[in-house]
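Only one structure is covered here, and it is reproduced in the block below.
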Amino acid sequence: MYNILLVDDEPLICQGLSQLLASSGLNIDQLFIAHSGYEAMDYIRMEEVDLLITDIQMGEMSGIELMHQAKMAKPSVQSIVVSAYETFQYAQLAMRLGAKDYLIKPLNSSYFLDTVRNVLLKMDKAAAVTHDEFIAELSDRFRMEEPDRAKTEALSRLLADPEGAPAERLVPMASLQGPYFAVLKIKPVVPPSQEGTRFPEKDLALLQYAVLNVACELLDGQWNHAAFYSPDHEISIILQWDDEAYGDKSINKINQLDMIGRSLHANVRKYLSLPCVVGISQIMKGIEFLGALNEQARKAIRFHREHQDHYVFYYGDFSWNPASHEATEEEMVVHHNQIVDTAKQYIHRHFGQKGLTLQEVAQQSHVSPNYLSYLFKKKTGYNLWDYVVKLRMEESRRLIISTDMRRYEIADKVGYESPEHFSKIFKKYYGVSPSELKK
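Using full-length UniProt numbering, the first residue of the sequence shown is number 1, and each one after it goes up by one.
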């Protein structure tokens, strides 16, 4: 059973689509309705949303921005875009963010339901399988093809020794332009075979090929990249930006890398029923730094040894003390506490801000959103957004009891755009509505 979130600033459209889906007989558990991007993000943070169906043109947060924020919060969320405009630019942006379809208003009911049905069918959760079944399924789905050996060798040599490699010959073969680069590495977490022994070499080769296919399917057409085999059955990915793309200040590059890393992990787990560790380097300008970036991604993967319940690691989250090669455990504890304290202080000052995002809070602590979420939960016991909701609810309760403020005024003061949505959150949190508490 799947949960679907409908988002449109026109209530009648939401109501009509909701009724259509509710009577469709599709495998739907819950239908959520939001009338703004901010309201939608509350559902995505607090509920298990599987499919997002959103309009493009909406108030302060567009459907494109909502898709971006949703992917950052939960990479596994699938999306369908609805628009009154048959604009190529909108469609292209939506597809780059992973939209499964782009539908034009007015909607044809049958076509809309067919689209939703097809997306849900592709989202069927993979069941646990034995080693032999797992390999058999990989063999059925992925036919081994020999990658471009010359290109793979050129890319590998540039990562291993960019200064010593004959760049004038290798760079054209590797199809690298840059001038800005980052390196990601994907390492599958391989389970033991049925007998508890290591995977046979031929099975590891097939697994590596399958991971490469999943990565390329995610990245092709969306990101300027080169993905190829690495030693130890890993996959290496070189991401590159030209001056114009890198200079676009509307997109935070750490957030972008974090989203790509989390999406890679989510897709490998989804399509191969297998976790993987993703190591992400920082971004540097110049092909001569590829070796350093490669080493950063390799070190980032090794952080999994100390954090085995975490799978995506950005090197910049751990390079806070460049003066020392290896921070002591005590120093790391102090540093982690500082990161969480900085985040808490910022949240306490801004929890009433509409549109507060995890990415915004993470920027204050100079870490990736993914790592901040992990540390915050580990140190406080709260998911970061649950902590924001806790502060909002405590403040709204205080205002209801001690002031004569109206419901819409309190909702606005604690960061909710819609009084109705505020009331739903309040009742879910306290078990009574704001008006019932006031009595």
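Built from N, CA and C at the ideal position, the CB exists for glycine as well. Remember, it's a predicted structure, so these values are computed and weren't measured experimentally.
What number of angstroms, rounded off, separates the C-alpha of S62 from the C-alpha of Y38? Translated into positions along the sequence shown, residue 62 becomes position 62. Translated into positions along the sequence shown, residue 38 becomes position 38. Each residue's Cα considered, the two are about 10 Å apart.
Closest to F318 by CA distance: which of Q359, V367, R398, I287 is it? Start at 1 with the first residue of the sequence shown, and residue 318 comes out as number 318. If we check each option's Cα against that of F318, V367 comes out closest.
Comparing alpha-carbon positions, which option in G247, L257, E201, P200 lies nearest H225? As a working note, residue 225 is residue 225 in the sequence shown. Comparing Cα positions, the closest option is L257.
Assigned exposure category for T115 - 16 Cβ within 10 Å defines buried: Residue numbering aside, residue 115 sits at position 115 when the sequence shown is read from its first letter. Buried is the call here.
Return yes when the Cβ of N370 is within less than 7 Å of the Cβ of K377, no when it is not. Position 377 of the sequence shown, counted from the start, is the residue given in the question as residue 377. Position 370 of the sequence shown, counted from the start, is the residue given in the question as residue 370. Result no, Cβ atoms of K377 and N370 do not sit closer than 7 Å.
Nearest-angstrom Cα distance between R398 and K344? Locating residue 398 in the sequence shown gives position 398, counting from the first residue. Locating residue 344 in the sequence shown gives position 344, counting from the first residue. Going from the Cα of R398 to the Cα of K344 covers about 20 Å.
Y315 burial status per 10 Å Cβ neighbour count (16 or more: buried): If you number the sequence shown from 1, residue 315 lands on position 315. Buried, because 16 or more other Cβ atoms sit within 10 Å of the Cβ of Y315.
Count the C-beta pairs between the region 231-245 and the region 346-362 that are closer than 8 Å, then say yes if the count reaches three, no if not. no
Please report how far the alpha carbon of V388 lies from the alpha carbon of I347, in whole angstroms. Counted from its first residue, the sequence shown places residue 388 at position 388. Counted from its first residue, the sequence shown places residue 347 at position 347. Distance between the alpha carbons of V388 and I347 is about 7 Å.
With D412 as the anchor, note down where its alpha helix (DSSP H) starts and where it stops. On the sequence shown, position 412 is the one that residue 412 refers to. Taken as a continuous stretch (DSSP letters only), the alpha helix (DSSP H) holding D412 covers 407-413.
Which ranges does the alpha helix (DSSP H) cover as unbroken runs of at least 4 residues, wholly within the UniProt domain "HTH araC/xylS-type" (341-439), from first to last along the chain? 358-365, 369-380, 384-402, 407-413, 419-430, 434-438
Applying the 10 Å Cβ sphere with the 16-neighbour rule, what's the burial state of T403? Counting from one through the sequence shown, the residue named residue 403 turns up at place 403. Exposed: under 16 other Cβ atoms inside 10 Å.
Could you check where the beta strand (DSSP E) with A22 kicks off and where it finishes? Along the sequence shown, read from residue 1 onward, the residue named residue 22 stands at position 22. No beta strand (DSSP E) contains A22, which is instead part of the alpha helix (DSSP H) from 11-22.
Since I believe V277 is in contact with H304 (beta carbons under 8 Å), could you give me their beta-carbon distance rounded to a whole number of angstroms? Taking the sequence shown and counting its residues from 1, one reaches residue 304 at position 304. Taking the sequence shown and counting its residues from 1, one reaches residue 277 at position 277. Going by Cβ atoms, the distance from H304 to V277 rounds to 5 Å, so yes, they are a contact pair.
Which listed residue (I53, S273, Q338, A182) has its alpha carbon closest to that of F112: The count along the sequence shown starts at 1 and reaches residue 112 at position 112. With distances taken between Cα atoms, F112 lies closest to I53.
So if DSSP puts A227 in a beta bridge, which residue, or which two residues, is it bridged to? On the sequence shown, position 227 is the one that residue 227 refers to. Its beta-bridge partners are I237.
Output the distance between the C-alpha atoms of L290 and A297, rounded to the nearest integer angstrom. Residue numbering aside, residue 290 sits at position 290 when the sequence shown is read from its first letter. Residue numbering aside, residue 297 sits at position 297 when the sequence shown is read from its first letter. Taking the straight line from one Cα to the other gives about 10 Å.
Using three-state DSSP, classify Q194 as helix, strand or coil. Numbered from its first residue, the sequence shown carries residue 194 at position 194. Low confidence applies to Q194: its pLDDT is 44, below 50, so where it sits in the model is not reliable enough to give any reading.
Would you tell me roughly how many angstroms separate the C-alpha atoms of V190 and L274, rounded to the nearest one? Translated into positions along the sequence shown, residue 190 becomes position 190. Translated into positions along the sequence shown, residue 274 becomes position 274. For V190 and L274, the distance between alpha carbons rounds to 8 Å.
What I want to know is whether the C-beta of M46 ends up closer than 6 Å to one or more non-hydrogen atoms of the ligand HEM. Looking at this structure, you won't find the ligand HEM or any other ligand, since it has none at all.
Which one or two residues does DSSP pair with D220 in a beta bridge? Looking up residue 220 in the sequence shown gives position 220. DSSP lists no partner for D220.
At least 3 beta-carbon pairs within less than 8 Å: the region 61-79 vs the region 38-48: yes
Could you give the residue range of the alpha helix (DSSP H) that holds F112? For the purposes of this step, residue 112 is taken as residue 112 along the sequence shown, with counting starting at 1. Segment 109-122, the alpha helix (DSSP H) holding F112.
With DSSP as the reference, label I4 as helix, strand or coil. Walking along the sequence shown from the start, residue 4 turns up at place 4. In the structure shown, I4 sits in a strand (DSSP, three-state: E or B).
Can you tell me whether K187 is helix, strand or coil according to DSSP? If you number the sequence shown from 1, residue 187 lands on position 187. Looking at K187 - three-state DSSP - the assignment turns out to be strand.
I13 to H307 span [Cα, whole Å]: Position 13 of the sequence shown, counting from 1, holds the residue named residue 13. Position 307 of the sequence shown, counting from 1, holds the residue named residue 307. Using only the alpha carbons, I get a separation of about 45 Å.
Could you work out which residue in G415, K424, S435 is closest to R406 when comparing CA atoms only? In the sequence shown, counting from the first residue as 1, residue 406 sits at position 406. That would be S435, whose Cα lies nearest to the Cα of R406.
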